[in-house]
Structure formats: structure tokens, C-alpha cells
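In what follows, a single structure is set out as C-alpha cells and then discussed.
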Amino acid sequence: MAVRKIKRARKPNLRATNISARERWLAVLAKFNRNMDAPASKRYWAPDFECASRGRIRDIQNEKLAAMVPYLYEHSPFYRAKFKDARLRPSDIAKVEDLAKFPVTTKDEMARDVSAHRPWGTYTPIDDARWRDHGWMVFSTSGTTATPRSFRYTSFDRELWATTSARALYAMGVRAGDAALTCTNYSPHVFFWSLHHALNLMKVTVIPGGVPTERRIQMIDLYRPALLVATPSYSLHLANTMRHAGFDPGASSIAKVICGGEPASGVASTRARIEQAWNAELHDVYGCTEAVPAGWAFTCREGLARDPVSTHVQEDLQIWEVVDPDTFEPVAPGGRGLTIATNLNSEGSPQLRFLVGDFATFDYGKCVCGRTFARAIGGFNGRADDMLSIRGLKLFPSVVEEIVRGFDAFGDEFQIVLETEGVLDTFTIVVETRAVTDGSLAGQLSAELEAAIIRQCELHPRIRVVAPGTLPPTEFKARRVIDRRVVL
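Its first residue numbered 3, the sequence shown is counted upward by one per residue in our numbering.
The following block contains the structure:
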């Protein structure tokens, strides 16, 4: 297939005095989203962007940022107040180098805003009138402990989601004519909806698996999809359920498992379990509801062969920063820090310097696949929100996951239970064995796991080994941490 030459539409007159901030922003987005309804080559969906020089990427970011900031200022009272508090004008944030002037935007700020202005808050630039005429879908963060942070995405956002997520899927080797089983109840979760519309655009058959697990097994057997879209935990649960039903997931039609919602490829033992269970490639997409809902970060086929794996971030769609977790100052090149994203690819949620809050290390060199986007080396495996403080030491659940799933004798389900005894925290890891074991073997496994945790985490855990099927199976996104500690 020859490289398709991308047509250059006449450049709109974005400097005209009679064009509104919204019109200018949408015109810029449309300019960079033209001719994206089909792949431009056999290897890249959009080579003009995916393989652009570092200078070209920066030019695109600057052009988008200069149009986005006035739009946010005009249509979001939340951001207008942040500009006022920082004593800044929109013209002060005209290029990437100016971003450091602007304060970081946090989830706590958004939560306070939505509590004061229910149900939508004022952090997104979509008002009721715009929503009535152009509304598409509402997505929200979890509201289990507080008012959910909701986001109104428009029909134009849907177009952006489809084209930019198609890039990620194409890099994984997904092609027209494939079929995908999507294992979701289609809740307001951006991971599945973004991929659903991208698969539609790519002419990939979608088999909605919003049914019980047993029915999904039947769908795999009947329809023979090449792609499985699921959370990492659920992909393992589905494989185990298939085995118990007399099917071999490794002999099924599944050639690629595409995961989101939890770390996967960056956790080596989890990746190995999934790939071995399905005899398939494991790929990741990564993002967040607030600032990276589509145009995901993603793994490419060539990068899977490298150790550690890496996750591309689509830099023409977001500006990524890696900062010190305490000062929010930039870390040195190649340093590890917290991620901040400025979303350059949305009408409904173009957030400015949003603290995504995952720890990452970025490499800006060209990938073996030819893409020039920066890569998170080892993926995004430690969200600051998930970090546990136990007896003064910091621990990411993904570290425990890596250790537990490195033991072949343990099953896929485990829990971290935190409790208080007197004035001290207790740290218990509950693990299932793959098969029923006697007391001596369970004791040996417990001792080996305890030693591994102490060696790698510098914490002394209690280990409780339980029989298969004791812990609740993961039907969607795993809840690994049970925190019962008493706040004194």
C-alpha cells in the first residue's frame, strides 16, 4: 500500500477579529484532524504526526496551546479564576515554555469546584446551551467517596477520540477485518468508549461483551475474535473461567489482548501471565478521564520486544511534563517524576497542566518502530493517589503485584489489607493458591513470599495463603487494597 498523501486544506484565517475563541480553537483542532479517517501507510495511521521531528512536534503544540488558552479563559470560570489568582493573562501562556508560569491543576481543586457548582463544576468549557446543541456523552470519575467529577464531551470530541485512538490500535497491529470482543458493561469509562469508536472507524467488527463471563466464553468460541479488550485483572479471570469450563484460552482465536484501567505490560509478571494464558500479545492503552481521555498513550508492536517495554505518549495531542512530586519543578532529563498533562485535543475537556499523578521516566529518542513521540520507559505503574504509606514507608500496590504474580503457585487474585493494632499499622497480603495445597506447602509459600516482600519493599508483612476461589473474582477493575486503618 502506497503512502497516502495527506491533502492540505486551505488554512483558515484564525487571526480574523470576528472569530470567537471557541471558533478559533475548533478550527485549529479540525485543521490537525483532517484526513484521519483511514491509515496513511502500512505502518502508521498518521505518519505526519507520529514520525514528526521534535521541532515539528513543538510547533504543533505551540499552535494548539495559543488557541486553547483563550478558549479556556473565556468559557471556564474555574480557569479564569486560576489565571486571576496567578496574576496572568491568556497571552502570558502562548507557548510550551510559558506553561511553568501557570499553577498545576489538581483533582482536589476540581472536586471542590464541582461540590460548589453541582453537577458539572466550572472546569470544563461546555455550558448548557452548547450541551443541548452538541452534546454527546457524559463521563465521570468514581463517586464512591465524594461527588463524582463529571465531564461533558461533545460530538466533535467523539470524532477526535475515534481518529486519535485509531493511531494507537494501528500501532498494535490492529487492522480492518479483525474482530474485537470488548468485555465491559459500557459504564462511563473512557477506556472502552474511546476504543469502541476507533474500532468502528477502522472497520473492525465489535462484539459487545456486556454479558456474564460464561456468555463471553461462548462468544469467543462462536465468533472467533482476534482481539480481546479488557482490564488486565479481568483478562486473567476470563482465562481461568474458560479453563474451568473446559476451554483452553491459549488455543482460542485471541491474538492480541488490549488492556487499560490498570497497569499491565509494565508489570512484567502480570504481562507474562496474560500472554501465557492467551498465547497472545499484550498491549496497553493509558490515560485518564480528565485530560487524556483519548489519543491514549500506547504500546507498539516493536517496543514489546524491548526490556523494559515503553509506552508512547502522543505529544501532538497532549503536552507532557515530568515533575518533582514535592516541588512540581521539572526533573532532569531521564529522571523519574510525576506526570502532568495539558490536553490539546478536546472541545469538552482541554485541561491546562492537569496533575495526572503517575510516576514515569520519559525517553525522547526515536523508538525502533520509527515513531518520535516520547516514551514512558516501563510504562506508568505508580499513581501517586494509589501510593500507600505504611509505618513511614511508601509502597505502590503494583510492586506487590509484581512480586505475587512472580510465584507460579499463586493464583491471579490477591489483596493488600491494612489495619490498626494499638497505634501500629499492620500490613497483610492475602493470596490464593492455584490448587488446593496442604499446610506444609502453604507454610513454605508464605515464608518465601514474606522474604521477597521484605527484600524488595523493606516492609515486614503478614502473609495469609488461602484456597482457590476464596477471594472475590475481578469482574471489571480490581480492588486490591482494603484499608481498615483507624485514623488517630
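Glycine included, each C-beta is placed from N, C-alpha and C at the ideal position.
Note that the coordinates shown come from a computational prediction; the quantities given were computed from them, not determined experimentally.
Run of the beta strand (DSSP E) containing residue i, from where it starts to where it stops
| i | result |
| --- | --- |
| Glu423 | 412-423 |
| Thr344 | 338-345 |
| Lys396 | 395-397 |
| His285 | 283-290 |
Whole-angstrom distance between residue j and residue i, CA atom to CA atom
| i | j | result |
| --- | --- | --- |
| Leu306 | Arg373 | 14 Å |
| Ala4 | Ser43 | Confidence at Ala4 is low in this model, with a pLDDT of 46, below 50, so its placement is unreliable and no value can be given for it. |
| Arg466 | Asp388 | 22 Å |
| Val325 | Tyr81 | 21 Å |
| Gln446 | Met38 | 57 Å |
| Ser267 | Gly408 | 14 Å |
| Thr124 | Val488 | 35 Å |
| Val483 | Gly359 | 18 Å |
| Asp485 | Phe416 | 14 Å |
| Glu52 | Pro335 | 21 Å |
| Gly145 | Ala437 | Annotation note: pLDDT 48 at Gly145 (below 50); position unreliable, coordinate value reported separately. Going from the Cα of Gly145 to the Cα of Ala437 covers about 37 Å. |
| Ile276 | Ala228 | 15 Å |
| Cys459 | Phe429 | 12 Å |
| Ser196 | Val30 | 21 Å |
| Ala449 | Ser235 | 25 Å |
| Ala282 | Ala83 | 49 Å |
Burial state of residue i, where buried means 16 or more other Cβ atoms lie within 10 Å
| i | result |
| --- | --- |
| Glu157 | With the sequence shown as reference, residue 157 is identified as Ser, and Glu is not the correct amino acid for it. Exposed, because fewer than 16 other Cβ atoms sit within 10 Å of the Cβ of Ser157. |
| Leu397 | buried |
| Arg12 | Below a pLDDT of 50, predicted positions are generally treated as unreliable, and Arg12, at 46, falls in that range; no measurement from the model is reported. |
| Ser400 | buried |
| Ser55 | exposed |
| Ala480 | buried |
| Thr147 | Caution is warranted here: a pLDDT of 46 is assigned to Thr147, below 50, making its placement in the model unreliable, and the coordinate value is therefore given only provisionally. The residue is exposed, with fewer than 16 neighbouring Cβ atoms inside 10 Å. |
| Asn187 | exposed |
| Gly339 | buried |
| Gly471 | exposed |
Opening and closing residue of the alpha helix (DSSP H) in which residue i lies
| i | result |
| --- | --- |
| Ser117 | 109-118 |
| Arg132 | 130-136 |
| Val30 | 23-33 |
| Arg245 | 234-246 |
Own chain residues within Cβ distance below 8 Å of residue i, not counting five before or after
| i | result |
| --- | --- |
| Trp280 | Leu230, Ser237, Ala241, Pro251, Gly252, Ser254, Ile256, Val259 |
| Ala376 | His314, Val315, Glu317, Trp322, Phe364, Asp365, Tyr366 |
| Arg160 | Trp138, Met139, His199 |
Own chain residues within Cβ distance below 6 Å of residue i, not counting five before or after
| i | result |
| --- | --- |
| Tyr225 | Ile209 |
| Gly262 | Phe193, Val287 |
| Phe356 | Thr107, Glu292, Ala293, Ala343 |
| Ser312 | Gly305, Arg377, Ile379 |
| Thr243 | Thr215 |
| Phe382 | Tyr288, Asp360, Ala362 |
Beta-carbon contacts of residue i that lie in its chain and below 7 Å, excluding the five residues immediately before and after
| i | result |
| --- | --- |
| Phe249 | Ile219, Asp223 |
| Glu452 | Pro463, Ile465 |
| Ile21 | none |
| Thr166 | Ala296, Gly297, Gln316, Leu319, Asn347 |
Do the stretch 417-429 and the stretch 275-287 touch if we need at least three Cβ pairs shorter than 8 Å? no
Inter-stretch contact (C-beta, 8 Å, three-pair minimum) for the stretch 65-73 and the stretch 91-107: yes
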